[in-house]
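Protein chains: 2
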Amino acid sequence: MRGLTFHGNEDVRVDDVPDPRIERPTDAVVRVTLAGICGSDLHIYHAGAQFGFAPGGRLGHEFIGIVEEVGPEVAGLAPGDEVMASCCVCDGTCTYCAEGLQSSCASWSLFGWAPRVWQHGGAVEGGQSEFVRVPLAASTLHPIPESLRGEARRPTVLPLVDVMSTAWHGLVGAGVQPGDRVVVIGDGAVGLSAVHGAAAKDASAVICLGHHPDRLERATALGATAVVTSRDTEEIRAQVMELTGGEGAHAVIDTISGTASMEAAHACVRAGGAISCLGMDHFMGKTPAINWFDQFLRNIRITGGLVPGPHYFDELLGLVEAGRLDPAPMLTHTLPIDRAAEGYRMMEERREGVVKVAVAPGLAA
Amino acid sequence: MRGLTFHGNEDVRVDDVPDPRIERPTDAVVRVTLAGICGSDLHIYHAGAQFGFAPGGRLGHEFIGIVEEVGPEVAGLAPGDEVMASCCVCDGTCTYCAEGLQSSCASWSLFGWAPRVWQHGGAVEGGQSEFVRVPLAASTLHPIPESLRGEARRPTVLPLVDVMSTAWHGLVGAGVQPGDRVVVIGDGAVGLSAVHGAAAKDASAVICLGHHPDRLERATALGATAVVTSRDTEEIRAQVMELTGGEGAHAVIDTISGTASMEAAHACVRAGGAISCLGMDHFMGKTPAINWFDQFLRNIRITGGLVPGPHYFDELLGLVEAGRLDPAPMLTHTLPIDRAAEGYRMMEERREGVVKVAVAPGLAA
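Protein chains in written order, with our numbering: chain C, 99 to 463; chain H, 99 to 463.
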């Protein structure tokens with residue numbers, strides 16, 4: 099089959115790779131219908147060699163598809179079922195899964211980060227390929243409800259797998275309630291998802307900070323009540339204060355989580371509020387910096403983390419079915435599998451009009 | 099009257115100072131019966147000059163006493179009432195007070211930090227003195243219930259003003275539930291209070307990390323189920339894992355909040371858990387360091403902050419009345435007002451057997 103593989107930093111290619119097969123009785127093999135390229139995939143693209151990625155590893159932790167084959171111990175799934183996958187493998191039975199923190203499952207591993215040593219459950223290859231092996235399939239896969247099946251709804255469902263659930267996790271962690279004021283830092287796919295999610299949570303103000311006019315336009319379409327484009331902390335503070343009755347935001351969703359974004363986050367957040375850190379720049383050595391004096395004096399909480407997708411899938415699918423969420427507009431481009439490497443470059447270069455690129459293995463090249 | 103005043107770094111003295119008087123119709127004057135010396139007072143003692151303290155400023159934000167005089171607009175209080183004071187002045191009516199975050203009150207100021215520019219409500223002098231002026235007295239003072247009045251119960255009530263409520267705030271912020279495992283870093287008064295509070299919250303394990311045998315003995319008497327004395331992170335991790343079934347603590351209450359303590363906190367906390375930062379070492383430029391990779395990957399929340407005392411006073415007084423809390427053992431020494439400066443040195447030098455020193459202006463010199 100064809101699959102996107104890592105060859106070295108800034109070198110990913112679509113190669114002929116072995117077809118995945120059932121290796122354990124709890125495995126399934128899924129035929130991928132749509133797979134996203136995530137901002138965190140760009141970290142691998144940049145510096146995978148430093149992370150321990152060996153050439154030949156396949157990328158992609160965001161995918162939906164159709165069950166092709168199931169092992170003898172996979173309950174509740176059959177070939178032909180349309181499914182979305184958790185980014186992280188989870189067993190559904192450990193203490194953390196029972197608590198809804200599937201991203202800390204005892205059997206955890208992350209699709210497409212196969213070579214990393216912090217895999218507990220054995221390496222799993224990525225989903226930017228025609229087929230993918232899914233361990234512990236009964237808990238790692240989630241059926242797509244009937245009303246959201248089929249090709250037309252895939253751009254709506256795919257973002258729920260990671261970017262939309264990650265943003266939702268940030269909003270939940272920050273305790274966002276109806277009527278709250280929310281600032282979202284960043285206008286990438288997670289940022290737009292946070293904007294969209296905050297609107298779905300009936301935030302009274304949703305302010306998006308970003309620097310790309312085309313993305314900020316999209317943010318407004320997805321629910322932002324205002325946008326701020328300044329890079330100067332004091333200007334950001336002044337504008338956000340004016341937009342929030344002088345008080346600041348109950349929650350700041352920082353999708354970058356670097357030094358500058360955290361400075362802006364402290365400037366925007368109200369006393370007793372929360373900053374959700376969803377960015378992964380610290381993977382690249384750019385460590386966020388908390389203003390500890392502010393954190394202490396004004397009781398600022400720091401939250402956010404790797405999303406336990408399955409904890410939110412039913413809720414998010416329900417909101418989509420109810421017409422209250424539709425993250426499809428952040429998926430700007432869909433390419434056939436053989437052009438997947440081009441998708442990385444489109445996102446990497448932040449080309450105008452590009453937010454998120456997906457790969458559809460069924461699409462003619 | 100006599101009052102402890104700041105003369106310069108490492109130079110506090112008890113001087114004759116003007117008697118406080120009602121300055122605004124919402125003021126009260128309180129005759130102090132017992133005033134604590136807080137760990138944060140030692141920060142002023144060390145470096146008050148850098149903080150902007152001018153010679154002559156009076157210290158002390160932890161005090162209880164008897165109402166001496168009230169202004170014409172003070173409802174619900176009369177001379178003779180026994181009261182505890184919030185460390186922070188609060189108006190009881192602003193948005194933050196209504197939410198229970200009185201430490202961010204619009205009229206906020208902090209007793210005994212008078213010279214700081216971040217006073218919103220006008221400077222207030224400290225309570226380590228015979229009398230103290232209390233602004234917005236109706237909301238800043240809290241009546242002591244009848245069963246806890248009188249000299250014998252003062253060592254029980256005084257710690258509720260700050261150290262016990264601060265520790266409680268950390269436990270609440272970390273979301274500690276019955277059955278949870280709690281690690282407390284530090285064996286000072288806030289650390290012992292966190293131990294005692296965790297036990298009152300029916301934690302299944304309360305592990306105190308410290309280095310002073312006499313204080314750790316006290317920790318055990320106050321509810322610690324185990325103590326750890328190592329300074330080595332890996333040793334701490336191993337011991338805490340052994341004490342927590344290999345999983346770690348649901349909550350870590352870090353009463354130091356420095357680089358080493360935060361490293362230990364990350365080593366002790368379980369995935370999805372919280373670290374409450376209650377220390378103020380960052381006031382002294384010792385900035386805590388979050389392990390951001392761990393924070394993200396394991397969903398660790400960072401919480402803690404300046405305590406909104408009045409939000410907890412009724413609950414804590416109720417627990418004392420019910421016999422479930424008695425923080426008196428952490429108050430190891432009570433001195434007459436004229437020996438207050440000696441109290442600072444006793445705490446500063448961490449003399450054996452000294453945890454917390456209080457000043458009783460009514461005590462014969």
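Virtual Cβ for every residue (Gly too), placed ideally from N, Cα, C.
Within its chain, find whatever has a CB closer than 6 Å to the CB of residue i; leave out the 5 residues flanking it on each side and keep chain order.
| i | result |
| --- | --- |
| residue 287 of chain H | 261, 428, 453, 454 |
| residue 459 of chain C | 130, 228, 435 |
| residue 203 of chain H | 188, 189, 192, 194, 195 |
| residue 312 of chain H | 450, 451 |
| residue 116 of chain C | none |
| residue 282 of chain C | 289, 292, 293, 306, 351 |
| residue 337 of chain H | 326 |
| residue 444 of chain H | 452, 455 |
| residue 123 of chain C | 169, 170, 171 |
Does DSSP classify residue i as helix, strand or coil?
| i | result |
| --- | --- |
| residue 355 of chain H | coil |
| residue 294 of chain C | helix |
| residue 380 of chain C | helix |
| residue 141 of chain C | helix |
| residue 373 of chain C | strand |
| residue 111 of chain C | strand |
| residue 271 of chain H | helix |
| residue 416 of chain H | helix |
| residue 160 of chain C | strand |
| residue 265 of chain H | helix |
| residue 186 of chain C | strand |
| residue 133 of chain H | strand |
| residue 407 of chain H | helix |
| residue 227 of chain C | strand |
| residue 219 of chain C | For residue 219 of chain C, the predicted structure reports a pLDDT of 49, less than 50, and the residue's modelled location is therefore unreliable. A value from the coordinates is still provided. Residue 219 of chain C falls in the coil class under three-state DSSP. |
| residue 448 of chain C | coil |
| residue 154 of chain H | coil |
| residue 423 of chain C | coil |
| residue 258 of chain C | helix |
| residue 101 of chain C | strand |
| residue 234 of chain H | coil |
| residue 367 of chain H | strand |
| residue 175 of chain C | coil |
| residue 120 of chain H | coil |
| residue 277 of chain H | coil |
| residue 106 of chain C | strand |
| residue 386 of chain C | coil |
Return the bridge partner residues of residue i from the DSSP annotation.
| i | result |
| --- | --- |
| residue 463 of chain C | Looking at the DSSP assignment, residue 463 of chain C forms no beta bridge with any residue, so it has no partner. |
| residue 241 of chain C | C/181 |
| residue 458 of chain C | C/434 |
| residue 401 of chain H | H/374 |
| residue 167 of chain H | H/127 |
| residue 208 of chain C | C/186 |
| residue 306 of chain C | C/282, C/325 |
| residue 443 of chain C | Answer is none; residue 443 of chain C lacks a bridge partner. |
| residue 429 of chain C | C/454 |
Within its chain, find whatever has a CB closer than 8 Å to the CB of residue i; leave out the 5 residues flanking it on each side and keep chain order.
| i | result |
| --- | --- |
| residue 492 of chain H | Only positions 99 to 463 of chain H appear in this structure, which leaves residue 492 of chain H out of reach. |
| residue 269 of chain H | 280, 292, 295, 296, 299, 349, 351, 374 |
| residue 216 of chain H | Caution applies to residue 216 of chain H, whose pLDDT of 47 falls short of 50 and renders its modelled position unreliable; the model cannot decide the point. |
| residue 462 of chain C | 434 |
Please go through the same chain and pick out, in chain order, the residues whose beta-carbon is closer than 7 Å to the beta-carbon of residue i, but skip the five residues on each side of it.
| i | result |
| --- | --- |
| residue 219 of chain H | A caution first: residue 219 of chain H carries a pLDDT of 49, below 50, which makes its placement in the model unreliable, though a value can still be read off. Excluding sequence neighbours, residue 219 of chain H sits near 187, 205, 206, 207, 233. |
| residue 446 of chain C | 140, 143 |
| residue 201 of chain C | 186, 404, 405, 406 |
| residue 362 of chain C | 283, 307, 331, 334 |
| residue 107 of chain C | 144, 145, 146, 147 |
| residue 414 of chain H | 258, 262, 263, 266, 423 |
| residue 341 of chain C | 303, 305, 324 |
| residue 367 of chain H | 346, 347, 350, 373, 398 |
Practice problem: For the region 293-305 of chain H and the region 255-265 of chain H, state whether three or more C-beta atom pairs, one from each stretch, are separated by less than 8 Å. | Solution: yes
Quiz item: Pairing CB atoms from the region 142-162 of chain H with CB atoms from the region 198-210 of chain H, are three or more of them under 8 Å?
Solution: yes
Quiz item: Is the number of C-beta pairs between the region 365-380 of chain H and the region 399-411 of chain H that are closer than 8 Å three or more?
Solution: yes
Quiz item: Does the region 415-426 of chain C come close enough to the region 380-397 of chain C that 3 or more CB-CB pairs lie under 8 Å?
Solution: no
Exercise. Report yes or no: do three or more beta-carbon pairs, one from the region 337-349 of chain C and one from the region 357-372 of chain C, lie closer than 8 Å?
Key: yes
Quiz item: Below 8 Å, can you find three or more Cβ-Cβ pairs linking the region 118-135 of chain H to the region 168-175 of chain C?
Solution: no
Exercise. Within the region 308-365 of chain H, note down every full beta strand (DSSP E) run reaching 3 residues or more, in order along the chain.
Key: 324-326, 347-352
Practice problem: Taking 8 Å as the threshold, find out whether the region 231-249 of chain H comes into contact with the region 314-327 of chain H through three or more Cβ pairs. | Solution: no
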